[in-house]
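Numbering (my numbering), first residue to last: 14 to 368.
Have a look at this one:
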């Protein structure tokens, strides 16, 4: 039995790549011949994946293909032309309208990627979504009855933060790429309101690759306009150890993102016992559950007021920590293993005996 995965870009510390690695290891434990093939393999990962250009075996009745879909890729069309059963593992694609005014090229690419995904619905054996939100997207793209299975999230050996009231000098933390759909400009506006009303010493750290340089520069200009440039840091990409340090030192994890298919950093924040304040968009309410405070209104004063309350109400934080523990059990390796195995077995008959 062969079950191979196909990932457009295989990169270090990438959520989809980490999910694919864990799934590959699980499939190998079950006795499958399982490899990862990618269009792009970043340096340092050459031993973990193979170039897709080398995948050209004759079709086999004993082979299944899993496409980890999240972006535009020439693999999508090529896989659709093969005769083996194809399964889509969908991580979501950013809607073009959220990036069009900032990066026209990216908006075109995401539009084509969505079209690719829609065409795959006519040939795929089935689809697995990492959230209910993603499953609804798949239905809109033409897939019938997608199955939901939580993604594999790499285990981290962390020492949870000690809870504390933070009346002054609060440190807000956002983790994710600098890109228009992440809406970091709303965080900057909220921080400006927070500094003006509650805490003049508060700061915001934005951790993540500057995927859109134009948007990143606009964030810097916006911070200057609101007179908070000294309080907003764009750190760029960081190492795992550096990221763990930021989680440990921060007082509050914040996100005002307009679109997330799951949002792995929320789970990371829960593991570090960091209070979470999030705008309730897309899949974020699913991922947060009762493990944080969700807002339907992210206007600056509303967000700032909620941040102050969460940072200064120990009972509220305690309730959130309890909810976070429940979410962490939901997203444990064992839970993800059983969900993904069950989902795959519904499309790959030889796996049914493993249930």
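All C-beta atoms, glycine included, are put in the ideal place defined by N, C-alpha and C.
Residue span of the alpha helix (DSSP H) that contains residue 256, given as start and end: Unbroken alpha helix (DSSP H) run through residue 256: 253–262.
How far does the alpha helix (DSSP H) with residue 299 in it reach, from first residue to last? Residues 297–301.
Buried/exposed call for residue 283, threshold 16 Cβ in 10 Å: Result: buried.
Hey, would you say residue 54 sits closer than 7 Å to residue 18, going by beta carbons? Taking 7 Å as the Cβ cut-off, residue 54 and residue 18 do not qualify as a contacting pair.
Hey, would you say residue 320 sits closer than 7 Å to residue 163, going by beta carbons? Remark: C-beta atoms of residue 320 and residue 163 do not approach each other more closely than 7 Å.
Please report the straight-line C-alpha distance between residue 188 and residue 220, rounded to a whole angstrom. For residue 188 and residue 220, the distance between alpha carbons rounds to 5 Å.
Which class does residue 268 belong to by DSSP, given the choice of helix, strand or coil? DSSP places residue 268 in strand when its eight states are reduced to three.
Taking only the alpha-carbon atoms, compute the straight-line gap between residue 292 and residue 317 and give it to the nearest angstrom. Looking at the two C-alpha atoms, the distance is approximately 12 Å.
For residue 276 and residue 297, which I take to be in contact (beta-carbon distance under 8 Å), what is that distance rounded to the nearest angstrom? Confirmed, Cβ separation roughly 6 Å.
Which same chain residues, not among the five before or five after residue 113, have their C-beta less than 8 Å away from its C-beta? Within the same chain, residue 113 has close Cβ partners 120.
Report the three-state DSSP secondary structure of residue 127 (helix, strand or coil). Helix at residue 127.
Comparing alpha-carbon positions, which option in 205, 326 and 24 lies nearest residue 314? Of the candidates 205, 326 and 24, the one whose C-alpha sits nearest the C-alpha of residue 314 is 205.
First through last residue of the alpha helix (DSSP H) which encompasses residue 318: Run containing residue 318: 313–325, per the alpha helix (DSSP H) assignment.
Whole angstroms is fine: what's the gap from residue 28's alpha carbon to residue 35's? So the two alpha carbons sit approximately 11 Å from each other.
Quick check: the Cα distance between residue 248 and residue 14, rounded to an integer number of angstroms? Straight-line Cα distance between these residues: approximately 45 Å.
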